[in-house]
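Step one of this worksheet: look at the structure below.
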Amino acid sequence: ADYVYGPGRTHLFVPGPVNIPDQVLRAMNRQNEDYRSPAIPAMTKILLEDVKKIFKTTTGTIFMIPTTGTGAWESALTNTLSPGDRIVSFLIGQFSLLWIDQQQRLGFNVDVVESEWGRGADLDVLEAKLRDDTAHTIKAIAIVHNETATGVTNDLTKVRKLLDTYRHPALLLVDGVSSICALDFRMDEWGVDVALTGSQKALSLPTGMGIVCAGPRAIEASKTATSRRVFFDWKDYLRTYNLGTYWPYTPSIQLLYGLRAALDLIFEEGLDNIIKRHNRLGTATRLAVQAWGLKNCTQKEEWFSDTVTAVVVPPYIDSNEIVKQAWKRYNLSLGLGLNKISGKVFRIGHLGNLNELQLLGCLSGVEMVLKDVGYPVKLGSGVGAAAAYLSNFTPFIPSRI
Ligand code: PLP
Numbered sequence: 002a003d004y005v006y007g008p009g010r011t012h013l014f015v016p017g018p019v020n021i022p023d024q025v026l027r028a029m030n031r032q033n034e035d036y037r038s039p040a041i042p043a044m045t046k047i048l049l050e051d052v053k054k055i056f057k058t059t060t061g062t063i064f065m066i067p068t069t070g071t072g073a074w075e076s077a078l079t080n081t082l083s084p085g086d087r088i089v090s091f092l093i094g095q096f097s098l099l100w101i102d103q104q105q106r107l108g109f110n111v112d113v114v115e116s117e118w119g120r121g122a123d124l125d126v127l128e129a130k131l132r133d134d135t136a137h138t139i140k141a142i143a144i145v146h147n148e149t150a151t152g153v154t155n156d157l158t159k160v161r162k163l164l165d166t167y168r169h170p171a172l173l174l175v176d177g178v179s180s181i182c183a184l185d186f187r188m189d190e191w192g193v194d195v196a197l198t199g200s201q202k203a204l205s206l207p208t209g210m211g212i213v214c215a216g217p218r219a220i221e222a223s224k225t226a227t228s229r230r231v232f233f234d235w236k237d238y239l240r241t242y243n244l245g246t247y248w249p250y251t252p253s254i255q256l257l258y259g260l261r262a263a264l265d266l267i268f269e270e271g272l273d274n275i276i277k278r279h280n281r282l283g284t285a286t287r288l289a290v291q292a293w294g295l296k297n298c299t300q301k302e303e304w305f306s307d308t309v310t311a312v313v314v315p316p317y318i319d320s321n322e323i324v325k326q327a328w329k330r331y332n333l334s335l336g337l338g339l340n341k342i343s344g345k346v347f348r349i350g351h352l353g354n355l356n357e358l359q360l361l362g363c364l365s366g367v368e369m370v371l372k373d374v375g376y377p378v379k380l381g382s383g384v385g386a387a388a389a390y391l392s393n394f395t396p397f398i399p400s401r402i
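Counting from 1 along the sequence shown, just add 1 to a position and that's the residue number in the UniProt record's numbering.
Next up, the structure:
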């Protein structure tokens, strides 16, 4: 039974953890197995190859670690860097803030480049730093591809271009937690050295698997990086890859079968179709926000996120109240405003295994709640704007054409 029961389906619209497809739930409903039997290594070998496809890499090495996004961050940092190493990092919202905090607590020397929340990474500052750093003291650029707290997507191609322009060898470390498998992401083409995600986001699995993809330069760096690491040491994984046993310690059998099922669904729909679907859901959400007369927290179109929209409420409304009432009345889960934008924004997560009608359900719930909290909204306005767009642009379901 639910801990706090609500009838019908929960409309889960937080930007992670997200809805798990029924096919994946069924695939995970199974016994434990001996991970040293031939079956699990055989399955793992194929999973490691297939996971590369969602990073768009052929040269990367995958590490599937029993952890969350936060552990994946730590894995990326400690395997490639040494204490005191200089990192350039962009503070644009709560998740980039937390990653920077981790970088500092791990003993790195972080140049924090701050932007107003709602804006993207300040690449002019990055350019100036790269231009000045002829001695190559900057060892890594750490950037969150999609800042989940504000709904801001950074343009990684611009970062790559700057590194190339100044022929700077810094490693490019990318948090793709709320982007990979939902937004356009190209590890090899964009020269990303380490990219990472968590199972509970666009992969639409339960929480518990941090997936890290290390490019050749990162693997090379890990051979000399002296940061202390034990649980996250890539060396332990690489040893078992060579042995063909694949696991230095016990994997979650259920998550492996879940991942297999999730990837099967992803490949059936097609990664590029998934990216287009997220663009449709993101665009429809933004049209609804506009129709309600509310502001998107994201200040410029170039940063609009197709996985999460942070909506700014007028000063006389507490956005926490919106989130509370949505859950209490309509069994709708929305994202809170985090840290300094608490009370000022609420977030609609539109990532993972989700379709157009689910989104319209969410948007109609948001409208009702806006009315409930005293905002003068015309019921149907946002839903109407979103539906008008979706009815024009929703293609046939790829497997049903
Ligand atoms: N990075 C981003 C962009 C996130 O959105 C999150 C969580 O929402 C994290 C990192 C941290 O991931 P986790 O909560 O799985 O540790």
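Cβ atoms here follow ideal geometry from the backbone N, Cα and C, with glycine treated the same way.
Whose CA, out of the options, lies closest to the CA of residue i?
{"i": "residue 263", "options": "286, 104, 169, 353", "result": "353"}
{"i": "residue 42", "options": "2, 250, 383, 185", "result": "250"}
{"i": "residue 134", "options": "222, 184, 288, 163", "result": "163"}
{"i": "residue 225", "options": "167, 349, 280, 86", "result": "86"}
{"i": "residue 213", "options": "131, 193, 387, 375", "result": "193"}
{"i": "residue 210", "options": "198, 216, 221, 218", "result": "198"}
{"i": "residue 317", "options": "269, 108, 375", "result": "375"}
{"i": "residue 401", "options": "270, 386, 61, 40", "result": "270"}
{"i": "residue 32", "options": "195, 258, 103, 391", "result": "258"}
{"i": "residue 35", "options": "111, 386, 248", "result": "248"}
{"i": "residue 265", "options": "244, 206, 228", "result": "206"}
{"i": "residue 6", "options": "15, 372, 104, 331", "result": "331"}
{"i": "residue 246", "options": "16, 12, 44", "result": "44"}
{"i": "residue 308", "options": "252, 282, 272, 294", "result": "282"}
{"i": "residue 106", "options": "50, 228, 189", "result": "228"}
{"i": "residue 306", "options": "256, 272, 335, 348", "result": "348"}
Check whether the Cβ of residue i sits closer than 7 Å to any heavy atom of ligand 1, and report yes or no.
{"i": "residue 90", "result": "no"}
{"i": "residue 294", "result": "no"}
{"i": "residue 253", "result": "no"}
{"i": "residue 340", "result": "no"}
{"i": "residue 179", "result": "yes"}
{"i": "residue 71", "result": "yes"}
{"i": "residue 176", "result": "yes"}
{"i": "residue 20", "result": "no"}
{"i": "residue 208", "result": "yes"}
{"i": "residue 199", "result": "yes"}
{"i": "residue 149", "result": "yes"}
I need the DSSP call for residue i, collapsed to helix, strand or coil.
{"i": "residue 16", "result": "coil"}
{"i": "residue 191", "result": "coil"}
{"i": "residue 118", "result": "strand"}
{"i": "residue 75", "result": "helix"}
{"i": "residue 320", "result": "helix"}
{"i": "residue 337", "result": "coil"}
{"i": "residue 197", "result": "strand"}
{"i": "residue 168", "result": "coil"}
{"i": "residue 213", "result": "strand"}
Would you grab the beta carbon distance between residue i and residue j for me? Rounded to a whole angstrom, and I think it's under 8 Å.
{"i": "residue 303", "j": "residue 165", "result": "That pair is no contact at about 20 Å."}
{"i": "residue 313", "j": "residue 346", "result": "5 Å"}
{"i": "residue 90", "j": "residue 113", "result": "6 Å"}
{"i": "residue 289", "j": "residue 383", "result": "3 Å"}
{"i": "residue 88", "j": "residue 141", "result": "5 Å"}
{"i": "residue 333", "j": "residue 14", "result": "7 Å"}
Against chain B, with Cβ distances strictly below 8 Å, would residue i count as a contact?
{"i": "residue 56", "result": "You won't find chain B in this structure, because it holds only one protein chain."}
Would you call the region 232-244 and the region 97-113 touching, i.e. three or more CB-CB distances under 8 Å? no
Check whether the region 151-158 and the region 109-126 are in contact - that is, three or more C-beta pairs closer than 8 Å. yes
Does the structure place the region 276-283 close enough to the region 178-186 that three or more beta carbon pairs sit under 8 Å? yes
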